[in-house]
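Shown next, in structure tokens, is the structure this report addresses.
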Amino acid sequence: MNYFLSSRNIVSLLNILRRTYNVYVPIGKGNQRFYKKNPTSTDNIIIGEVRPFEPLKSFYSHAREVVAEGFRSDLVHADDKPSAIVGVKACDLKGFKIQDHVFQSHNFADPFYIKNREENLIISADCTSVLDTCFCLSVDVKPFPQENFDLNLSEISGGFLVEIGSPKGRELVEQNMTLFQAANDAFVKSVKKNRMHIIEEIENNIKNNHVPHQDDFKDMIEKKYESELWKREAETCVECASCNAICPTCHCFFLYDQKNEDEMKRLRMWDSCMVKDFARVAGGANPHKRLWMRLRNRFEKKFDYFPKVAGVYACTGCGRCISGCPAKIDIRKVLKELVTDE
Ligand code: SF4
Ligand code: SF4
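Numbering that gives the first Met the number 0 puts the first residue of the sequence shown at 0, with every later residue one more than the last.
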């Protein structure tokens with residue numbers, strides 16, 4: 000059963016959530032959307048529209064965090080409360096397919112990641128507009144959430160159609176029933192119409208930018224492994240690592256120790272396969288010593304390795320690496336060249 004939540008009642012719901020969670024909601028600043036912790040009524044809250052600037056992964060494995068302290072045997076708690084993340088888009092939720100595979104599906108499961116997966120709350124939302132860098136449909140991601148959320152909000156006139164996606168989401172609705180009302184057929188029809196409209200816009204985007212569908216680049220990395228395209232594309236790269244940091248599926252990290260007064264700490268930081276030292280081993284040997292080799296490796300991981308080991312491409316079509324790259328390296332163009340280049 001779906002519910003209707005009015006624009007006024009969503010503010011009440013966010014206030015209720017603040018008792019248990021740090022609530023992160025996208026706010027508009029210029030052309031970008033950023034998550035803000037516990038926003039106030041003066042903030043320009045935007046739940047629909049497009050994905051925020053920061054990838055969802057930053058709420059699950061932090062860019063820099065303490066993972067061990069002195070001789071403590073319990074988990075180090077970085078946050079006072081779990082996070083409720085609002086306005087999450089489908090392209091970020093697809094990132095869980097890779098993050099879950101890396102951090103919780105092997106012999107060693109990451110306790111920090113698992114704790115965040117269990118305790119955080121996700122209130123996702125349909126995309127109601129499109130960036131010219133969006134190409135989610137090319138990698139079979141729809142512009143509206145279908146899984147991995149607790150509640151999903153689809154914007155309609157006067158509020159949102161609410162879909163329940165988990166027992167945690169159901170409990171939240173049931174405990175705050177006075178804020179919700181039963182949704183009627185007209186609301187459901189309106190959501191369907193909005194979704195069709197956004198799909199059409201993304202399809203046009205994909206067509207205008209000649210982005211191939213994932214079925215077309217299956218096995219292409221192996222076939223084009225020795226292609227000159229890697230050298231051509233890497234020519235302008237400045238090794239800034241932005242493409243990895245901003246990507247909802249990239250997950251590599253390194254560990255280091257730090258001495259603070261009398262205590263040692265072990266910290267974990269996001270790493271980047273685009274930087275020279277990433278694959279360097281003791282003795283100085285480096286299997287990816289040239290930039291073009293590292294660019295090729297990045298694409299190999301996303302479009303060859305993960306489909307083989309996890310059955311899914313490690314790209315969600317969010318377009319962040321396109322807008323975040325100072326060298327204007329465009330993943331859509333590389334994919335197109337993979338398919339068309341002789
Ligand atoms: S590779 Fe680029 S477009 Fe694909 S998910 Fe990562 S940041 Fe988004
Ligand atoms: S964002 Fe662009 S310039 Fe920076 S490392 Fe990635 S490909 Fe290179």
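From the three backbone atoms N, C-alpha and C, an ideal C-beta is built for every residue, glycine too.
- In this structure, the beta-carbon distance from Leu152 to Phe143 does not fall below 8 Å.
- By the criterion of a C-beta distance shorter than 8 Å, Lys167 is surrounded in its chain by Leu120, Asp149, once the five residues flanking it on both sides are discounted.
- Asn43 and Lys114 have their C-alpha atoms some 31 Å from each other.
- Relative to the Cα of Ile84, the nearest Cα in the group Leu228, Asp78, Asp276, Lys35 belongs to Lys35.
- Listed in chain order, the non-local C-beta contacts of Met0 below 6 Å within the same chain number zero, local neighbours out to five positions each way being set aside.
- Membership of Arg265 in the beta strand (DSSP E) is indicated by the continuous run 262-269.
- The bridge partners DSSP lists for Lys36 are Tyr23.
- Taking 3 residues as the shortest admissible run, the region 241-308 contains the following complete beta strand (DSSP E) segments, listed from N- to C-terminal end: 252-259, 262-269.
- Restricting attention to beta strand (DSSP E) runs no shorter than 3 residues, the region 36-83 encloses them at 63-68, ordered along the chain.
- Judged by their CB atoms, Leu334 and Pro211 are nearer to each other than the 8 Å cut-off.
- Taking the Cβ of Val237 as the reference point, at least one heavy atom of ligand 2 falls within a distance shorter than 7 Å.
- Between Asp329 and Cys320, the alpha-carbon positions lie close to 8 Å from each other.
- Boundaries of the alpha helix (DSSP H) around Leu12: 6-16.
- The DSSP-derived three-state label of Lys28 is strand.
- The C-beta distance from Ser82 to Tyr23 rounds to 6 Å, short enough to meet the 8 Å contact threshold.
- The criterion of a C-beta distance shorter than 8 Å is satisfied by Val87 and Ser123.
- When DSSP states are grouped into helix, strand and coil, Glu221 belongs to the helix group.
- Distance from the C-beta of Cys272 to the nearest heavy atom of ligand 1 is not below 7 Å.
- Look at the beta carbons and you see the region 52-72 touching the region 90-98: at least three pairs across the two are nearer than 8 Å.
- In the structure shown, Val85 adopts extended strand secondary structure according to DSSP, grouped into three states.
- For Val138, same chain residues with a beta-carbon under 7 Å away, outside a window of 5 residues either side, are Gln213, Tyr312, Cys314, Thr315, Gly316 in chain order.
- Counted as a single uninterrupted DSSP element, the stretch harbouring Ser189 is not any beta strand (DSSP E) but the alpha helix (DSSP H) occupying residues 184-207.
- The beta carbon of Gly27 is closer than 7 Å to those of Asn43, Ile45 in its chain, skipping five residues each way along the sequence.
- A straight-line Cα-Cα distance of about 14 Å links Val274 and Cys324.
- Only residues of its own chain outside the window of five on either side were considered, and among them Ile155 have a CB closer than 6 Å to the CB of Ser189, listed in chain order.
- Between the alpha carbons of Arg116 and Asp109 lies a distance of about 11 Å.
- Comparing alpha-carbon positions, the option among Asn8, Ala284, Leu13 lying closest to Asn37 turns out to be Leu13.
- Measuring C-alpha to C-alpha distances from Lys230 to each of Arg295, Asn8, Lys222, Ile205 identifies Arg295 as the nearest.
- DSSP lists Asn151 as the bridge partner or partners of Glu162.
- In the DSSP assignment, Ser123 forms a beta bridge with Val87, Asn151.
- Inclusion of Gly323 in the 7 Å shell around ligand 2 follows from its C-beta lying nearer than that to a non-hydrogen atom of the ligand.
- Residue range 179-181 is occupied by the beta strand (DSSP E) that includes Ala181.
- Not a single heavy atom of ligand 2 lies less than 7 Å from the C-beta of Ala62.
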